[in-house]
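Undergrad: My questions all concern the structure below.
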Amino acid sequence: MHLSPARRRLAIAMRVAIPVAFAATLFFVPSTSATSVSDAEALVVSWINHDRMDRGLAPLRSDGDLAAIAGIRASRMASANVMSHTVGGNLASQLDWYNVAWYRYAEDIGWSTASFPTTSARSIYLAWMGSSEHRALLLSDQLNYIGVGLAYRSSNHRTYASAVMAESPDHTRPVARVTGVTRSGDDVRWTWNGYDPRLQTHTAGFRDYDVQYRVGSGTWSLIRDNTTSTSIALANRPGGSYYSIRVRGTDRRGNVGAWSSESRIWVP
6 MHLSPARRRL AIAMRVAIPV AFAATLFFVP STSATSVSDA EALVVSWINH
56 DRMDRGLAPL RSDGDLAAIA GIRASRMASA NVMSHTVGGN LASQLDWYNV
106 AWYRYAEDIG WSTASFPTTS ARSIYLAWMG SSEHRALLLS DQLNYIGVGL
156 AYRSSNHRTY ASAVMAESPD HTRPVARVTG VTRSGDDVRW TWNGYDPRLQ
206 THTAGFRDYD VQYRVGSGTW SLIRDNTTST SIALANRPGG SYYSIRVRGT
256 DRRGNVGAWS SESRIWVP
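For the sequence shown, the positions run 6 to 273 when the numbering used here is used.
Right, here's the structure in full:
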């Protein structure tokens, strides 16, 4: 999906080879415990978002397609043993192949010979944050989604990394949850709320709820559709059964959230 005829690429490359001990004296980094590549990639995103929120920016939302692209690009750099945006392939074409809707995009890349995957990931992240050009992309007030990829080259113990970021329309699902249930005799009342997770740009905003209801372990039925109400009261429930609801939200762009946990109450 092409959203802007005048697309702008923001891409910076830098060779990363700074000592971790030196970099660690400059930046605070949360817990670095990771047992897998995916854990280390998630840590990089969390470190970036920690610094973003410290500066009053919204976190970059993890995006599976951007993560897949970043993984491909890191793997290509590791295979070629070259840190290069070009070696990673045409990023715009990759975004289009994955049907990523974007207004602009950016990429930070780097490598490290520190221990794989966590220490090398930390080394690369700190080097990015130590570079004004790389840091500007990670702390951009125009980008809203991110995917990070790490790849290891065993022959020379190098970890290659790609962080692909985009300014995209809101495709983050809203969140809804049941907040309370009360019973008075055989009358039952539930309350709920919801929100649309904040993006740095293009947050669609919360629109409405769907509400499903069931008795015992029976089939769910829709009792409220596209409602803006945040409560429901059901009177005269027959005794000797559990009664339940669950809710989900929809944002103003049509993104539909997951159903909340079931909220049950017994009517004796």
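For glycine and all other residues, C-beta sits at the position ideal for the given N, C-alpha and C.
Quick check on the DSSP output: the beta strand (DSSP E) that includes D44 runs from which residue to which?
TA: Element bounds for D44: not the beta strand (DSSP E) but the alpha helix (DSSP H), 42-59.
Undergrad: Assign W82 to buried or exposed, taking buried as 16 or more other Cβ atoms, counted over all protein chains shown, within 10 Å of its Cβ.
TA: A quick correction: the sequence has Met, not Trp, at residue 82. Classification of M82: buried, given that the 10 Å Cβ count is 16 or more.
Undergrad: What's the call for L227, buried or exposed, on a 16-neighbour Cβ count within 10 Å?
TA: exposed
Undergrad: In three-state DSSP terms, what is T278?
TA: No information on residue 278 is available, as it lies outside the stretch 6 to 273 that the chain covers here.
Undergrad: With L155 as the anchor, note down where its beta strand (DSSP E) starts and where it stops.
TA: 150-158
Undergrad: Would you call the region 185-203 and the region 243-261 touching, i.e. three or more CB-CB distances under 8 Å?
TA: yes
Undergrad: Mind reading off the beta-carbon distance from V49 to V153? Whole number of angstroms is fine, and I expect it under 8 Å.
TA: 5 Å
Undergrad: What would DSSP say about D256, mapped onto helix, strand or coil?
TA: strand
Undergrad: Going by DSSP, name the residue or residues bridged to G115.
TA: DSSP, once it has assigned bridges, lists A166 as partnering G115.
Undergrad: Counting pairs of beta carbons, one from the region 162-179 and one from the region 233-250, are three or more of them closer than 8 Å?
TA: no
Undergrad: Under a Cβ-count criterion, where at least 16 other Cβ atoms within 10 Å of its own Cβ denotes burial, should N241 be classed as buried or exposed?
TA: exposed
Undergrad: Over what stretch of residues does the alpha helix (DSSP H) that includes A85 continue unbroken?
TA: 69-85
Undergrad: Keeping to the same chain, check which residues put their C-beta closer than 6 Å to that of I237; ignore five residues upstream and five downstream.
TA: Within the same chain, I237 has close Cβ partners W195.
Undergrad: Enumerate in chain order the residues of its own chain whose CB-to-CB distance from Q147 is below 8 Å, with the five nearest sequence positions on each side excluded.
TA: Within the same chain, and ignoring the five residues on either side of Q147 in sequence, the residues whose Cβ sits closer than 8 Å to its Cβ are R109, E172, Q205, T206.
Undergrad: Less than 8 Å between the CB atoms is what I'm expecting for I270 and V186, so what's the real figure, rounded?
TA: Yes, I270 and V186 are in contact; Cβ-Cβ is about 5 Å, under 8 Å.
Undergrad: Please report the distance separating the alpha-carbon of V261 from that of R178.
TA: 6 Å
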